[in-house]
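Student:
Numbering (this note's numbering), first residue to last: 1 to 250.
1) Does the Cβ-Cβ distance between residue 54 and residue 224 come in under 7 Å?
2) Exposed or buried, residue 96, counting other C-beta atoms within 10 Å across all chains shown (16 or more means buried)?
3) Between the alpha carbons of residue 34 and residue 44, how many angstroms are there, rounded?
4) Against chain B, with Cβ distances strictly below 7 Å, would residue 112 count as a contact?
5) Find out if the Cβ-Cβ distance for the pair residue 62, residue 234 is shorter than 7 Å.
6) Are there 16 or more other CB atoms within 10 angstroms of the CB of residue 186, so buried, or fewer, so exposed?
7) Output the boundary residues of the alpha helix (DSSP H) element that contains residue 24.
8) Span of the beta strand (DSSP E) holding residue 110?
9) Quick one: what does DSSP say residue 142 is sitting in, helix, strand or coil?
10) Rounded to whole angstroms, what is the Cα-Cα separation between residue 93 and residue 56?
11) Could you tell me if residue 14 is buried or exposed, where buried requires 16 or more neighbouring beta carbons within 10 angstroms of its beta carbon?
12) Below 8 Å on the Cβ atoms is my contact criterion, and I expect residue 212 with residue 221 to pass it. Report the Cβ-Cβ distance as a whole number of Å.
13) I need the boundaries of the beta strand (DSSP E) containing residue 86, first residue and last residue.
14) Between the C-alpha atoms of residue 207 and residue 150, what's the straight-line distance to the nearest angstrom?
15) Looking at C-alpha atoms only, which residue of 102, 112, 99, 50 is the closest neighbour of residue 23?
16) For residue 28 and residue 39, I'd like the C-alpha separation in whole angstroms.
17) Decide yes or no for the touch test of the segment 115–123 against the segment 186–195: beta carbon pairs closer than 8 Å, at least 3 of them.
18) Does the Cβ of residue 78 have 16 or more other Cβ atoms within 10 Å, making it buried, or fewer, making it exposed?
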């Protein structure tokens, strides 16, 4: 949201057109008065943000799986981050990422701070869709997982093996597994469709950068993401990440 470094000129007057900070809206209007292509600059900024996040995704995917062992790669997220991108724009209007802040400041020393950051937080919490039922569902899920482990540890797996042997002998096991997998895929896609519909209706001033509706652009992004995982993902044999993206967005 900011273009001018606060520490460089914080003694200036507290006004958007004369103060120490500028909004992107002000910057783009200023560029247009100088016959510069602000629309292209904004697209370039979005593109560099996508590429930066893609570079970090293999590490995040690995770290997330370590924190949630056994969870499906496409399961619902249980955390989020607000990232602050420091972007330098050179004289040719080419953006460069200087750094990414995982803990950006939410101080409100000036009115422009309050206006932008308060709107950001309001839009964020609206998008997160916190519900009182979430806590109950979490407790129920943890209880079910504990019971599942207890059930396994009590030696009940032998009965499962016997049941599996019976199904294999009757030739119905493979059909059952296929039906279960298809049903699970349908349920997952319906859930994702419902979630993305909600997100699209409650974006506020957020812009969804990925996935995109343009199939050509989406193929380009998926190719880039695949290269990032091929080069940066530690476990080369683990292809579960592809289920999270290719199966979800194909």
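Glycine included, every Cβ here is placed at the ideal spot set by N, Cα and C.
In this text, all values refer to a predicted model and were calculated from it rather than measured experimentally.
Tutor: So, to answer that:
1) The sequence position of residue 54 within the chain shown is 54, counting from 1. The sequence position of residue 224 within the chain shown is 224, counting from 1. With respect to residue 224, residue 54 sits close: the two C-beta atoms are nearer than 7 Å.
2) The residue labelled residue 96 in the question sits at position 96 within the chain shown. By the 10 Å Cβ count, residue 96 comes out exposed.
3) Indexing the chain shown from 1 puts residue 34 at position 34. Indexing the chain shown from 1 puts residue 44 at position 44. Using only the alpha carbons, I get a separation of about 19 Å.
4) Among the protein chains of the structure shown there is no chain B, as only one such chain exists.
5) Within the chain shown, residue 62 is the residue found at index 62, counting from 1. Within the chain shown, residue 234 is the residue found at index 234, counting from 1. Yes.
6) In the chain shown, residue 186 corresponds to position 186, counting from 1. Counting Cβ neighbours within 10 Å, residue 186 comes out exposed, since fewer than 16 surround it.
7) As a position in the chain shown, residue 24 is number 24, starting the count at 1. Start and end: 24–33.
8) On the chain shown, position 110 is the one that residue 110 refers to. Residue 110: not part of any beta strand (DSSP E); DSSP gives it neither H nor E.
9) Along the chain shown, read from residue 1 onward, the residue named residue 142 stands at position 142. Here residue 142 sits in helix by DSSP.
10) Taking the chain shown and counting its residues from 1, one reaches residue 93 at position 93. Taking the chain shown and counting its residues from 1, one reaches residue 56 at position 56. Cα to Cα, residue 93 sits roughly 25 Å from residue 56.
11) What you label residue 14 is simply residue 14 of the chain shown in a count that begins at 1. Its pLDDT being 48, under 50, residue 14 is placed unreliably in this model, and the value from its coordinates should be taken loosely. Within a 10 Å sphere around the beta-carbon of residue 14 sit fewer than 16 other beta-carbons, which makes this residue exposed.
12) What you label residue 212 is simply residue 212 of the chain shown in a count that begins at 1. What you label residue 221 is simply residue 221 of the chain shown in a count that begins at 1. Contact holds; Cβ gap of about 7 Å.
13) Stepping through the chain shown from its first residue, residue 86 is reached at position 86. Per DSSP, the unbroken beta strand (DSSP E) holding residue 86 starts and ends at 84–89.
14) Taking the chain shown and counting its residues from 1, the one referred to as residue 207 is at position 207. Taking the chain shown and counting its residues from 1, the one referred to as residue 150 is at position 150. Rounded to the nearest angstrom, the two C-alpha atoms are 45 Å apart.
15) Taking the chain shown and counting its residues from 1, the one referred to as residue 23 is at position 23. That would be 112, whose Cα lies nearest to the Cα of residue 23.
16) For the purposes of this step, residue 28 is taken as the residue at position 28 of the chain shown. For the purposes of this step, residue 39 is taken as the residue at position 39 of the chain shown. CA-to-CA, the gap between residue 28 and residue 39 works out to about 8 Å.
17) Too few Cβ pairs lie closer than 8 Å, so no.
18) Residue 78 sits at position 78 when you count from the first residue of the chain shown. Answer is exposed; the Cβ neighbour count stays below 16.
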